[in-house]
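Residues in the sequence shown are numbered from 38 upward in steps of one, following the numbering used here. The next block holds one structure in the form of structure tokens; read it before the comments.
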Amino acid sequence: MVAKKKDIRALTREQLREFFESHGEQAFRGNQVYEWLWQKSAHSFDAMTNLSKETRKKLDDYFVINHIKVDQLQRSSDGTIKNAVRLHDDLVVESVLIPTKERTTACVSSQVGCSLDCKFCATARLKKMRNLNPDEIYDQVVVINNESELYFNRPLSNIVFMGMGEPLMNYNNVLKAIDKITSPEGLGMSPKRITVSTSGVPKMIRKLADEEVKFKLAVSLHSAIEEVRTSIMPFNATFNLKELRDSLIYWYSKTKSRITYEYVVWEGINDSDKDIHALIEFCRFAPSKVNLIEYNPIDDSDFKQASEASVNKYVEALEQNGIVVTVRRSRGKDIDAACGQLANKSL
Ligand code: SAH
Numbered sequence: 038m039v040a041k042k043k044d045i046r047a048l049t050r051e052q053l054r055e056f057f058e059s060h061g062e063q064a065f066r067g068n069q070v071y072e073w074l075w076q077k078s079a080h081s082f083d084a085m086t087n088l089s090k091e092t093r094k095k096l097d098d099y100f101v102i103n104h105i106k107v108d109q110l111q112r113s114s115d116g117t118i119k120n121a122v123r124l125h126d127d128l129v130v131e132s133v134l135i136p137t138k139e140r141t142t143a144c145v146s147s148q149v150g151c152s153l154d155c156k157f158c159a160t161a162r163l164k165k166m167r168n169l170n171p172d173e174i175y176d177q178v179v180v181i182n183n184e185s186e187l188y189f190n191r192p193l194s195n196i197v198f199m200g201m202g203e204p205l206m207n208y209n210n211v212l213k214a215i216d217k218i219t220s221p222e223g224l225g226m227s228p229k230r231i232t233v234s235t236s237g238v239p240k241m242i243r244k245l246a247d248e249e250v251k252f253k254l255a256v257s258l259h260s261a262i263e264e265v266r267t268s269i270m271p272f273n274a275t276f277n278l279k280e281l282r283d284s285l286i287y288w289y290s291k292t293k294s295r296i297t298y299e300y301v302v303w304e305g306i307n308d309s310d311k312d313i314h315a316l317i318e319f320c321r322f323a324p325s326k327v328n329l330i331e332y333n334p335i336d337d338s339d340f341k342q343a344s345e346a347s348v349n350k351y352v353e354a355l356e357q358n359g360i361v362v363t364v365r366r367s368r369g370k371d372i373d374a375a376c377g378q379l380a381n382k383s384l
């Protein structure tokens with residue numbers, strides 16, 4: 038017997054093969070277990086029916102499968118589903134299924150809490166507790182894929198890393214999870230259907246570019262004026278707009294993938310002509326489009342969604358300058374499942 042059991046999903050396929058070899062069994066058992074763990078998302082060793090009882094017992098002696106558990110499922114009147122997901126150490130994150138006519142999107146978390154301090158975001162008020170492991174990110178996708186089949190009779194079509202946390206501050210684990218999601222040994226999804234949303238960490242954007250990743254990048258811009266951005270996203274004082282801009286130019290030069298800028302228009306904060314012009318200038322640096330998202334109010338905050346007229350002014354000005362712009366309405370607001378509202382409130 039071993040003192041502390043290890044998380045089996047931290048092992049690579051090769052390490053699993055080695056485990057079997059060093060325990061007097063054939064290496065191919067490692068492949069079988071790997072398939073159970075990832076492709077079939079087995080929750081227990083007993084489910085691995087092509088292994089003998091003794092082999093399953095051996096695995097159980099050495100390892101655990103730390104599968105996430107959905108503690109609570111809430112359904113919004115618009116069909117959106119929010120899962121409160123409990124991790125093996127009892128911490129909780131949230132993930133959301135967003136159905137539309139054409140697609141089902143999973144919005145997943147990458148960290149418990151967040152280390153950034155965006156003034157308008159509910160998650161920022163939770164302390165960052167820890168990074169999620171690749172398997173904890175992967176499991177959220179599997180859970181939502183199953184829910185999509187169950188409630189909407191179709192598989193998941195898209196994934197956005199727009200839940201709790203800053204994905205690029207948990208770079209390695211997020212990339213490992215995406216590897217599994219896109220691999221035929223995992224879910225086999227196309228990377229083109231995955232979007233990683235970042236508040237903008239220039240060094241990490243460069244790293245993604247160097248690795249020539251195939252998924253899409255969204256940047257939460259919210260302002261293209263240095264002082265304004267720093268006032269609402271204080272970390273911008275460290276990762277400033279110039280560095281962000283240069284990293285995005287680099288990203289495009291390497292990946293040829295258009296960047297999406299996420300942008301909320303707030304009354305009295307970024308609704309002036311000067312703000313609009315700064316955004317238009319910023320959009321010229323690299324091929325991009327703008328996604329104007331609706332503000333989801335969070336408790337006692339000073340932010341207020343700008344009027345429809347102000348948003349329309351943005352839309353017109355961007356379009357006149359040949360920039361693609363979409364206006365996105367919030368989903369799942371009634372259950373606090375919309376952007377920036379994930380804060381484990383219901384627990
Ligand atoms: N940390 C990452 C991903 C999580 S936030 C990022 O910053 O991109 C996902 C999106 O929701 C971001 O664009 C974020 O700026 C936006 N957001 C945060 N709080 C919001 C709120 N209260 N209303 C609307 N959007 C919000």
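Think of the CB as a built atom: it goes at the ideal place given N, C-alpha and C, for glycine as much as any other residue. Source: prediction; values computed, not measured.
Fill in: Span of the alpha helix (DSSP H) around D247
As a first step, residue 247 must be located in the sequence shown, where it is residue number 210. Counting along the chain, the alpha helix (DSSP H) containing D247 begins and ends at P239 to D247.
Practice prompt. Could you check what DSSP says for N190 in three-state terms: helix, strand or coil?
Written response: In the sequence shown, counting from the first residue as 1, residue 190 sits at position 153. Three-state DSSP puts N190 in coil, outside helix and strand.
Worksheet item: Can you name the residues that DSSP bridges to T142?
Response: Residue 142 sits at position 105 when you count from the first residue of the sequence shown. Answer by DSSP bridge pairing, in chain order: I135 and N195.
Worksheet item: What is the rounded straight-line gap between the Cα of T160 and the Cα of G150?
Response: As a position in the sequence shown, residue 160 is number 123, starting the count at 1. As a position in the sequence shown, residue 150 is number 113, starting the count at 1. Their backbone Cα atoms lie some 6 Å apart in a straight line.
Discussion item. Applying the 10 Å Cβ sphere with the 16-neighbour rule, what's the burial state of S294?
Written reply: Your numbering for residue 294 matches position 257 in the sequence shown. The residue is buried, with at least 16 neighbouring Cβ atoms inside 10 Å.
Worksheet item: Which two residues bound the contiguous beta strand (DSSP E) that contains Y298?
Response: Numbered from its first residue, the sequence shown carries residue 298 at position 261. Run containing Y298: I296 to Y300, per the beta strand (DSSP E) assignment.
Worksheet entry | Extent of the continuous alpha helix (DSSP H) run through S338 | Along the sequence shown, read from residue 1 onward, the residue named residue 338 stands at position 301. Unbroken run through S338: none, as it is neither H nor E.
Worksheet item: Just to confirm, does N103 get its C-beta within under 8 Å of one of the non-hydrogen atoms of the ligand SAH?
Response: For the purposes of this step, residue 103 is taken as residue 66 along the sequence shown, with counting starting at 1. No, since every heavy atom of the ligand SAH falls outside the 8 Å radius drawn around the Cβ of N103.
Worksheet item: Y300 and L258 look like a contact to me (Cβ under 8 Å); what is the Cβ gap, rounded to whole Å?
Response: By one-based count along the sequence shown, residue 300 stands at place 263. By one-based count along the sequence shown, residue 258 stands at place 221. Indeed they touch by this definition, with Cβ atoms about 5 Å apart.
Worksheet item: Where G116 and V197 are concerned, what is the direct C-alpha to C-alpha distance, given to the nearest angstrom?
Response: If you number the sequence shown from 1, residue 116 lands on position 79. If you number the sequence shown from 1, residue 197 lands on position 160. Those two C-alpha atoms are separated by around 18 Å.
Discussion item. Per DSSP, what are the beta-bridge partners of T363 in this structure?
Written reply: The residue given as residue 363 occupies position 326 in the sequence shown. T363 pairs with N328.
Discussion item. Using a 10 Å radius around the Cβ and a threshold of 16 neighbouring Cβ atoms, would you call K90 buried or exposed?
Written reply: The residue labelled residue 90 in the question sits at position 53 within the sequence shown. The residue is exposed, with fewer than 16 neighbouring Cβ atoms inside 10 Å.
Worksheet item: Secondary structure at F319, three-state DSSP: helix, strand or coil?
Response: In the sequence shown, residue 319 corresponds to position 282, counting from 1. Assigned with DSSP and collapsed to three states, F319 falls in helix.
Worksheet entry | For N120, the three-state DSSP class (helix, strand or coil) | Sequence index remark: in the sequence shown, residue 120 carries index 83 (1-based). Of the three classes helix, strand and coil, the one that applies to N120 here is strand, per DSSP.
Fill in: Sequence-distant residues of the same chain with beta carbon closer than 8 Å to Q69, five excluded per side
Start at 1 with the first residue of the sequence shown, and residue 69 comes out as number 32. Cβ-Cβ distances below 8 Å link Q69 to M85, N87 and L88 in the same chain, with the five nearest sequence neighbours on each side left out; the list follows chain order.
Discussion item. Is it the case that the region 263-274 contacts the region 226-234, given that we only count it when at least three CB pairs across the two stretches are under 8 Å?
Written reply: no
Item to complete: Measure the alpha-carbon distance for Y188 versus Q52 and round it to whole angstroms.
Response: Here residue 188 corresponds to residue number 151 of the sequence shown, with the count starting at 1. Here residue 52 corresponds to residue number 15 of the sequence shown, with the count starting at 1. So the two alpha carbons sit approximately 37 Å from each other.
Fill in: Exposure of A374, with buried meaning 16 or more beta-carbon neighbours within 10 Å
For the purposes of this step, residue 374 is taken as residue 337 along the sequence shown, with counting starting at 1. Buried: at least 16 other Cβ atoms inside 10 Å.
Discussion item. Going by C-alpha to C-alpha distance, which of E173, K138, D154 and T142 sits closest to Q148?
Written reply: Taking the sequence shown and counting its residues from 1, one reaches residue 148 at position 111. With distances taken between Cα atoms, Q148 lies closest to E173.
Practice prompt. Return yes when at least one heavy atom of the ligand SAH lies under 8 Å from the C-beta of N333, else no.
Written response: Numbered from 1 along the sequence shown, position 296 holds the residue referred to as residue 333. True, at least one ligand heavy atom lies under 8 Å from that Cβ.
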